[in-house]
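The structure appears below as structure tokens.
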Amino acid sequence: MAKSKNHSTHHRNSKEHRNGIKKPVVHAKTSSKGLDTKFARNQRYARIGVKPERYVRGDMQEQKPHKNPRKSVKQILADLKAKQGK
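For what it's worth, the working numbering labels the leading residue of the sequence shown as 122, then goes sequentially.
Structural data, given as structure tokens:
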């Protein structure tokens, strides 16, 4: 008796591309399951010290004026009239 066929990739590529080949999901936080407990505790305290300060409204109030501020419509019209009057 002849040996039977074990594997075939016929039509497989088009099947895979039908719904698109997607990248695996990267989770924002990795699990600490199975980590050394002393290390995990230290990491928890270390992260607290590294957190950036929260943005408070009013921190950005003192901003430098722009080099080329936009002109108002009234200013633009006045400039046009002055040029035409010359």
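Positions of the beta carbon are idealized from the N, C-alpha and C atoms, including for glycine. No experiment lies behind these values; they were computed from the predicted model shown.
With DSSP as the reference, label residue 138 as helix, strand or coil. Locating residue 138 in the sequence shown gives position 17, counting from the first residue. Note: residue 138 maps to helix in three-state DSSP.
Report the option in 133, 189, 165 and 188 whose CA atom is closest to the CA atom of residue 150. On the sequence shown, position 29 is the one that residue 150 refers to. Among 133, 189, 165 and 188, the Cα nearest to that of residue 150 belongs to 165.
Does the distance from the CB of residue 152 to the CB of residue 161 come in under 7 Å? Reading the sequence shown from its first residue, position 31 is the one you call residue 152. Reading the sequence shown from its first residue, position 40 is the one you call residue 161. Contact flag unset, no.
If you draw a straight line from the C-alpha of residue 157 to the C-alpha of residue 140, how long is it? As a first step, residue 157 is located in the sequence shown; it is residue number 36 there, counting from the start. As a first step, residue 140 is located in the sequence shown; it is residue number 19 there, counting from the start. If you take the alpha carbons of residue 157 and residue 140, they lie about 41 Å apart.
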